[in-house]
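Take the sequence shown: its letters are residues 47 to 215, numbered as in the numbering used here. No residue lacks a Cβ here, since even glycine has one placed at the ideal position from N, Cα and C. Quick notes on the structure that follows.
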Amino acid sequence: MEDESCLKTMNNNNMKEQDHFLPIANVGRIMKKGIPGNGKISKDAKESVQEYVSEFISFITGEASDKCQRENRKTINGDDIIWAITTLGFENYVEPLKFYLHKYREIEGEKLNIPKQQQQQQQYQINNVYSIHHPPYVATDQLFSLPFSSNSIQKPLQSQDQIDSMGQW
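This is how it looks when you write it as structure tokens:
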């Protein structure tokens with residue numbers, strides 16, 4: 047009986063630990079976008095990135111939360127996150143995040159002025175048109191300097207490896 051309660055405690059601790067991490071499928075999906083189509087990512091690599099990214103987010107939000115507590119506020123907002131990122135020395139991320147935050151607020155502001163049913167119709171149309179006429183987005187511009195050459199990540203396409211207009215090799 048004692049072993050059974052110990053097992054339940056271990057499962058609860060493991061579950062609580064997993065609750066602090068981003069979903070592994072989401073992490074893997076994002077990682078996959080940065081490698082060639084035929085590239086593979088090991089389970090260990092996904093789990094490591096999952097842990098590191100989750101820790102980074104906790105680090106940033108913890109600093110933002112401390113700021114909010116000092117200011118007697120209960121809600122962390124985007125500006126608090128940008129302040130925390132700057133304070134913690136991640137200045138290279140500030141400008142892109144300000145840009146995305148501005149765009150996000152712009153879109154959310156527009157949503158407030160449109161009835162809910164019309165929003166859903168517009169989103170449906172956007173999703174359908176985008177998925178039919180556009181290939182999946184692949185980041186081509188390097189926003190942040192990397193500590194290694196981009197050539198070390200993936201090899202450039204050779205002339206025989208070119209993709210035709212139908213997305214075929």
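Of the listed residues the options, nearest to residue i (C-alpha basis)
i, options, result
"SER88", "ILE70, ASP125, ILE128", "ILE70"
"GLY85", "ARG75, TYR139, PHE136", "ARG75"
"TYR98", "LYS78, HIS66, ARG119, LYS79", "HIS66"
"PHE136", "TYR150, PHE102, LYS113", "PHE102"
"GLU93", "LYS120, PHE145, ILE81, MET77", "MET77"
Neighbour-count burial assignment, residue i, 16 or more Cβ in a 10 Å radius
i, result
"ILE127", "buried"
"ILE153", "exposed"
"GLN96", "buried"
"VAL73", "buried"
Range covered by the alpha helix (DSSP H) that runs through residue i
i, result
"ARG116", "89–116"
"THR132", "124–133"
"ILE70", "70–78"
"HIS148", "140–158"
Distance CB(residue i)-CB(residue j) smaller than 8 Å
i, j, result
"ILE122", "SER111", "yes"
"ALA91", "ILE106", "no"
"LEU143", "SER100", "no"
"GLU117", "THR133", "no"
"LEU158", "GLY124", "no"
Closer than 8 Å to chain C by CB, residue i
i, result
"GLU137", "The structure shown has no chain C; it contains just one protein chain."
Any non-hydrogen atom of the ligand COA closer than 7 Å to residue i Cβ
i, result
"LYS78", "This structure lacks the ligand COA; in fact it carries no ligand of any kind."
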